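Everything on this sheet refers to the single structure shown next.
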Amino acid sequence: MKEFVDVWILGLGLATLTYGTPLILAALGGLFSERSGIVNIALEGMMTAGAFFAIYVSVQTNSWFFGLIGAMLAGMVLAAVHAVATVTFHADQIVSGTAIILIAAGLVNFLNLTLFGSEGSPPDISSPWKVGPADFRVSVLVPLAFLAVAGTWFVIFRTPFGLRLRSVGEHPRAADTVGIDVARMRYTAVLVSGALAGLAGAFISFNVDSYTENMVAGNGFIALAALIFGKWKPVPVMMACLLFGFAQGLASRLGGVGWLPDAFQSPELLNALPYVITLIALAGFVGKAVPPAAVGKPYIKH
Amino acid sequence: MNLLRRFDPEAALVPVLAVVAAMLVGMVLIYAIGYDGIYAYGSLINGAVGSQSAIAATMLRAAPIILTGLSVMIAFRAGLFNIGGTGQAIMGLLVAGTIATHFTFLPGASHWIVALVGAACAGGLWGALAGFLKVARGANEVVVTIMLNYVAIRFGEYLLGLGGPLQEKGSDNPSSALFADSGRLPKIWSPDPFTEVNIGIIVALVVATFAWFLVARTSIGFQIRAVGLQPDAAEYGGMSVTKVTVIGMFMAGAFSGLGGAVQTLGELDRLQKSELSVIQIGFAGIAVALLGRNTALGCVFAGLLMGALDSGAVGIQNDNALPSGVATKLIGVIQGVIVLFVGADVIFRRLSARVAGGFGKQRAGPASGGVA
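Here's what the structure looks like:
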């Protein structure tokens, strides 16, 4: 019984939080951006940048806190490129996002090779505090992510800023008419999404205290799926992220279970499970997902 | 997503400017890490077009990228964004490799031809699945195709992994048995003993011609364009958006599947697990389609350019003009910047309007409302 609790309750719970937290942070980032009318498929790239710069800055300053700041700034720099391209120059948002994913992957791995060399980052680095009881210790970013959910809900639904943000995403022309600066709102939202995605990436690399190529592994896109699945609302989005995090945690744990058939023991097929579950969730149970009305469309001021 | 379709002379200038701007960004990066940018670009040009062997390497690398570019192009035309080229290419190459290894009863040239056809079908079905999920279940095709990429990678890794169904029996390596000679793509030109151009480039040109004909001259091509431009109007006009979406994604997947097969049967002698997670041709195809302005001919030229950049990276590597492994990352950045500048082409349009002079007033508005 003790073993069952350790492995399947505490262990799986811990794994769900470990895989779910970066999804929550990134999905909240996507929520800000899409609520303002800008699709941000570049979350994946911003997470990659965050993952690298968290480690790099932490090594340089010997402070995980500055590492987190560095990760957020890196995400925001890429977000600024996305904002300039899509808000100011009306570029197609998916195309710009794709460009940023390509640039982030190339640039980060370029920097990783030139700054750290082929051996990678040094083994001992300053890493965020762990909090919680002895057998359930988690990074301080985990409670922070849940606070961010509450904060996002409050900002989006209970502040004048949130109201303006939503109006810009639903009907920019009307928002413009009543004096809201559409471009400014969208820039702010996209920059916030970059900071949150950078933080999400930092969580992933701090979890193993090093950066490796492709370590974000599609989590930015899973976060986007969670955003759709949670219908652009903070709490349902968080639940979707925890579900997808649970799927990844489960996949990481099933390998050792003796009575399962061989195919279920294959680490490769188990690793495919989170993506399959994301697909099933998107295709099967999402129902009618209605995004913010103006999402994906550039706003051209007359 | 009806981007960049109508032709105008100004638009033809954008890809050229985008490439030049991206190369400048790359140059800045090289100097930023303390290397000689001029020397590195010299090595790049030399590795891309500096000799017969270099040209052969460029043609070899261009073939699969032209095919994935055509894949993204045809999906764009139907109003869909296909980021799933990687997964479709993997499904294609798994089937092509299996046929090339085991279907040795097929006589002569039919062996590799059947392998390619199998790849087109496998990639096509993988693409059609995304199209089906979009129209039947309302699932966003961008997220769906990316999830399908990861599923395809893991599935292939399972098949080729130790003890997997496609792994060579009795071997300790995570790879298949050797392809039969008749299953590999025939050589058409070999300027030196180490470089061989295979029929893949011809396949790519034939498929490009087919794609042009399909879009410009057939009924289904007309429907694809109509649905891509105005789905509601197309539906009202009696077309089935569902059918066109699924067929469009099938064609897109088939082209990417061919791309994967052409790369694998042309450059490798067996399927390898380690190759699956590093396949770049899917994302490169997006750059090719955008740079080629979503035309078949444009994809051919853009694919040749991307192939040249790829073989140029090898040139940089061979000359030690940059630290080991850095050149390929640099090419990735350059591709991304190209996509960004082609996507945000208003930048150049405003610039060229200013340079042309006098049009300032007319041009003051957003010059390319068509990007929306």
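Just so you know, the protein sequences line up as chains A and B, in that order. Taking the numbering used here, the leading residue of the first sequence gets 1, the next gets one more, and so forth. Taking the numbering used here, the leading residue of the second sequence gets 303, the next gets one more, and so forth. Glycine included, each C-beta is placed from N, C-alpha and C at the ideal position. Remember, predicted model here, so these are calculated numbers, not experimental data.
Below-8 Å beta-carbon distance, residue i vs any chain A residue
{"i": "Ala430 of chain B", "result": "no"}
{"i": "Glu443 of chain B", "result": "no"}
{"i": "Ile335 of chain B", "result": "yes"}
{"i": "Met375 of chain B", "result": "no"}
{"i": "Lys631 of chain B", "result": "yes"}
{"i": "Val635 of chain B", "result": "yes"}
{"i": "Glu459 of chain B", "result": "yes"}
{"i": "Gly645 of chain B", "result": "yes"}
{"i": "Phe383 of chain B", "result": "yes"}
{"i": "Val529 of chain B", "result": "no"}
{"i": "Gly562 of chain B", "result": "no"}
{"i": "Ile649 of chain B", "result": "yes"}
Status (buried if at least 16 other CB within 10 Å, exposed otherwise) for residue i
{"i": "Pro366 of chain B", "result": "buried"}
{"i": "Tyr333 of chain B", "result": "exposed"}
{"i": "Ala610 of chain B", "result": "buried"}
{"i": "Arg456 of chain B", "result": "buried"}
{"i": "Lys301 of chain A", "result": "exposed"}
{"i": "Pro122 of chain A", "result": "exposed"}
{"i": "Asn112 of chain A", "result": "buried"}
{"i": "Val39 of chain A", "result": "buried"}
{"i": "Pro133 of chain A", "result": "exposed"}
{"i": "Met1 of chain A", "result": "exposed"}
{"i": "Phe515 of chain B", "result": "exposed"}
{"i": "Glu443 of chain B", "result": "buried"}
{"i": "Gly284 of chain A", "result": "exposed"}
{"i": "Leu631 of chain B", "result": "Reading off the sequence, residue 631 of chain B comes out as Lys, not Leu. Classification of Lys631 of chain B: buried, given that the 10 Å Cβ count is 16 or more."}
{"i": "Ser473 of chain B", "result": "exposed"}
{"i": "Lys436 of chain B", "result": "buried"}
{"i": "Phe229 of chain A", "result": "buried"}
{"i": "Glu3 of chain A", "result": "exposed"}
Neighbour flag for residue i against chain B, beta carbons, 8 Å
{"i": "Phe89 of chain A", "result": "yes"}
{"i": "Glu268 of chain A", "result": "yes"}
{"i": "Val95 of chain A", "result": "yes"}
{"i": "Phe136 of chain A", "result": "no"}
{"i": "Ala251 of chain A", "result": "no"}
{"i": "Leu243 of chain A", "result": "no"}
{"i": "Ala80 of chain A", "result": "no"}
{"i": "Leu144 of chain A", "result": "no"}
{"i": "Phe246 of chain A", "result": "no"}
{"i": "Ile55 of chain A", "result": "no"}
{"i": "Phe52 of chain A", "result": "no"}
{"i": "Ile156 of chain A", "result": "no"}
Beta-carbon proximity of residue i to residue j, cut-off 8 Å
{"i": "Ala27 of chain A", "j": "Val237 of chain A", "result": "yes"}
{"i": "Ala391 of chain B", "j": "Ile549 of chain B", "result": "no"}
{"i": "Val321 of chain B", "j": "Ala591 of chain B", "result": "no"}
{"i": "Ala350 of chain B", "j": "Gly614 of chain B", "result": "yes"}
{"i": "Gly429 of chain B", "j": "Gly555 of chain B", "result": "yes"}
{"i": "Leu273 of chain A", "j": "Ala247 of chain A", "result": "yes"}
{"i": "Ile503 of chain B", "j": "Ala411 of chain B", "result": "no"}
{"i": "Val508 of chain B", "j": "Leu560 of chain B", "result": "no"}
{"i": "Ile618 of chain B", "j": "Ser345 of chain B", "result": "yes"}
{"i": "Gly37 of chain A", "j": "Gly169 of chain A", "result": "yes"}
{"i": "Gly29 of chain A", "j": "Leu196 of chain A", "result": "yes"}
Report task. Please confirm if the stretch 573 to 584 of chain B is in contact with the stretch 382 to 397 of chain B, defined as three or more CB-CB distances below 8 Å between the two stretches. Result -> Contact annotation: the stretch 573 to 584 of chain B touches the stretch 382 to 397 of chain B, with at least three C-beta pairs closer than 8 Å.
**Report entry** Inter-stretch contact (C-beta, 8 Å, three-pair minimum) for the stretch 115 to 126 of chain A and the stretch 596 to 608 of chain B
**Finding:** no
**Report entry** Positions along the stretch 100 to 116 of chain A whose CB lies within less than 9 Å of some CB in chain B
**Finding:** Ile100, Ile101, Leu102, Ile103, Ala104, Ala105, Gly106, Leu107, Val108, Asn109, Phe110, Leu111, Asn112, Leu113, Thr114 and Leu115
Report task. Please determine if the stretch 400 to 416 of chain B and the stretch 476 to 484 of chain B are in contact, where contact requires at least 3 C-beta pairs separated by less than 8 Å. Result -> Yes, they touch.
Report task. Please list the residues of the stretch 321 to 355 of chain B that have a C-beta atom closer than 8 Å to any C-beta atom in chain A, keeping them in chain order. Result -> Leu331 and Ile335
**Report entry** Within 8 Å of chain A by C-beta, residues of the stretch 476 to 492 of chain B in sequence order
**Finding:** none
**Report entry** Validate contact between the stretch 175 to 192 of chain A and the stretch 73 to 93 of chain A using beta carbons, cut 8 Å, 3 pairs
**Finding:** yes
Query raised in the report: Counting Cβ pairs, one atom from each stretch, are 3 or more of them under 8 Å apart for the stretch 75 to 83 of chain A and the stretch 40 to 58 of chain A?
Result: Taking 8 Å as the limit for Cβ pairs, the verdict is that the stretch 40 to 58 of chain A does touch the stretch 75 to 83 of chain A.
Report task. Could you list the residues in the stretch 271 to 301 of chain A with a C-beta less than 8 Å from some C-beta on chain B, going in chain order? Result -> Asn271, Ala272, Tyr275, Val276, Thr278, Leu279, Leu282, Ala283, Gly284, Val286, Lys288, Ala289, Lys297, Pro298 and Ile300
Query raised in the report: Within the chosen definition, does the stretch 17 to 34 of chain A reach the stretch 146 to 156 of chain A through at least 3 CB pairs nearer than 8 Å?
Result: yes
Query raised in the report: Between the stretch 90 to 105 of chain A and the stretch 631 to 643 of chain B, are three or more C-beta pairs nearer than 8 Å?
Result: At 8 Å Cβ cutoff, the stretches touch.
Query raised in the report: the stretch 615 to 627 of chain B: which residues have C-beta closer than 8 Å to a C-beta of chain A, in chain order?
Result: Result list: Pro625, Ser626 and Gly627.
Requested in this report: Kindly confirm or deny that the stretch 217 to 231 of chain A and the stretch 436 to 453 of chain B touch, where touching means at least three C-beta pairs closer than 8 Å.
Outcome: yes
Report task. Report yes or no: do three or more beta-carbon pairs, one from the stretch 614 to 632 of chain B and one from the stretch 412 to 420 of chain B, lie closer than 8 Å? Result -> The stretch 614 to 632 of chain B and the stretch 412 to 420 of chain B do not touch, with fewer than 3 CB-CB distances between them shorter than 8 Å.
Query raised in the report: At a Cβ cut of 8 Å, what residues of the stretch 23 to 45 of chain A count as close to chain B, listed as they run along the chain?
Result: Ile41
Requested in this report: Anything in the stretch 166 to 186 of chain A with a Cβ closer than 9 Å to a Cβ of chain B? List those residues in chain order, please.
Outcome: none
Query - Members of the stretch 193 to 208 of chain A that neighbour chain B once the beta carbon cut-off is set at 7 Å - result: Within the stretch 193 to 208 of chain A, no residue has a Cβ that lies closer than 7 Å to any Cβ of chain B.
**Report entry** Within 7 Å of chain A by C-beta, residues of the stretch 409 to 435 of chain B in sequence order
**Finding:** Leu435
Requested in this report: Compile a chain-ordered list of the residues in the stretch 580 to 601 of chain B whose CB is closer than 7 Å to at least one CB of chain A.
Outcome: Phe585, Ile588 and Leu592
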